[in-house]
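Q: Structure below; questions to follow.
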Amino acid sequence: MWVTGEVLERIDWNEKLFSLKIKAAVEPYTAGQFIKLSQVRDDKRVARAYSVVNPPGSDCVEILAVAVEDGLLSPDLQSLNPGDNIEVTPKATGFMTLDEIPQGVLQGKHLWLLSTGTAVGPFLSMLLTDEPWQRFEKVVLVYGVRIAKDLAYLDLIKQLQAKYPHQFVFVPIVTREPFEDALTCRIPEAIQSGLLQQKAALDINPENSQVMICGNPGMITEAQSVLLELGLAKNLRRAPGQITVEKYW
1 MWVTGEVLER IDWNEKLFSL KIKAAVEPYT AGQFIKLSQV RDDKRVARAY SVVNPPGSDC
61 VEILAVAVED GLLSPDLQSL NPGDNIEVTP KATGFMTLDE IPQGVLQGKH LWLLSTGTAV
121 GPFLSMLLTD EPWQRFEKVV LVYGVRIAKD LAYLDLIKQL QAKYPHQFVF VPIVTREPFE
181 DALTCRIPEA IQSGLLQQKA ALDINPENSQ VMICGNPGMI TEAQSVLLEL GLAKNLRRAP
241 GQITVEKYW
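Take the sequence shown: its position 193, counted from the start at 1, is 193 in full-length UniProt numbering, and no numbers get skipped.
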């Protein structure tokens, strides 16, 4: 169930937020899926799930994580350096993928990706593939954090803006301090008030919108409730809709 991976690089976004690039024998995966990392300590294996940030076909897997002060694994992950080893699941899993989005007349024209914190990871993986740009006229990435230094991968996001200037809309949300061109309210409030739609210059409605939500459970529950009020429905395999969610813990 586990293979040994080698850390190629650690990127420190701030004192707690970091990324790891890991060389490991991981099977082909779909953008949006996650792997597990683990260590054995005192004869007990400690494992945690992390979404893969980079796209399928990469020569490594990259994860974005926060070192939780009392965490059983994340502080150790943050201490890893190039050349260190970490155990990895060889097979990625998870259903936060574009494969789960209805196609054809049920798809709609606009893809909304709503994320908080490290949950931006699976969406970046998707945005680095061709599929969202081929399927949707507009793609909106909403990235919510408390303070500006928690915004990771801004350079990558700017590259996507330059590559897809007419398709890609980026809406940062920073709730506890001013930040250039960012909204300051939480994602559910931004949808309910219409500020998010105004910022993106797009409406959210059942006819044109597919919404994927990944982040903390409170945000997901509240955002989903607001979207249901707008007439959108949960996306289920037996009953396709417009809202696809994955709780991040």
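The beta carbon of each residue, even a glycine, is placed where N, CA and C say it ideally should be.
List the endpoints of the continuous alpha helix (DSSP H) containing Met219.
A: Sequence index remark: in the sequence shown, residue 219 carries index 219 (1-based). First-last of the alpha helix (DSSP H) with Met219: Pro217 to Glu229.
Q: Given this structure, state the Cα-to-Cα distance separating Lys247 from His166, to the nearest angstrom.
A: Taking the sequence shown and counting its residues from 1, the one referred to as residue 247 is at position 247. Taking the sequence shown and counting its residues from 1, the one referred to as residue 166 is at position 166. Straight-line Cα distance between these residues: approximately 30 Å.
Q: Is it the case that the Cβ atoms of Lys109 and Asn208 are separated by a distance below 8 Å?
A: Here residue 109 refers to the residue found at position 109 of the sequence shown. Here residue 208 refers to the residue found at position 208 of the sequence shown. In contact: Lys109 and Asn208 (Cβ atoms closer than 8 Å).
Q: Relative to the C-alpha of Arg10, which candidate in Leu72, Ala47, Gly32 and Asn85 has its C-alpha closest?
A: By 1-based counting over the sequence shown, the position of residue 10 is 10. It is Asn85.
Q: Indicate whether Gly215 and Thr116 have their beta-carbon atoms separated by less than 8 Å.
A: In the sequence shown, counting from the first residue as 1, residue 215 sits at position 215. In the sequence shown, counting from the first residue as 1, residue 116 sits at position 116. Yes; because the gap between Cβ atoms is below 8 Å, this pair is in contact.
Q: Using DSSP bridges, identify the partner residues of Pro172.
A: Stepping through the sequence shown from its first residue, residue 172 is reached at position 172. The partner list for Pro172 (beta bridge, DSSP) reads Tyr143.
Q: Secondary structure at Phe123, three-state DSSP: helix, strand or coil?
A: Taking the sequence shown and counting its residues from 1, one reaches residue 123 at position 123. Residue state, collapsed to three classes: helix.
Q: Are Val174 and Val140 touching if we call contact CB-CB under 8 Å?
A: Start at 1 with the first residue of the sequence shown, and residue 174 comes out as number 174. Start at 1 with the first residue of the sequence shown, and residue 140 comes out as number 140. No, the Cβ-Cβ distance between Val174 and Val140 is not below 8 Å.
Q: Measure the alpha-carbon distance for Thr118 versus Gly104 and round it to whole angstroms.
A: Counted from its first residue, the sequence shown places residue 118 at position 118. Counted from its first residue, the sequence shown places residue 104 at position 104. Spanning the two alpha carbons is a distance of roughly 31 Å.
Q: Helix, strand or coil for Arg238, going by three-state DSSP, please let me know.
A: In the sequence shown, residue 238 corresponds to position 238, counting from 1. In this structure, Arg238 counts as coil in the three-state DSSP scheme.
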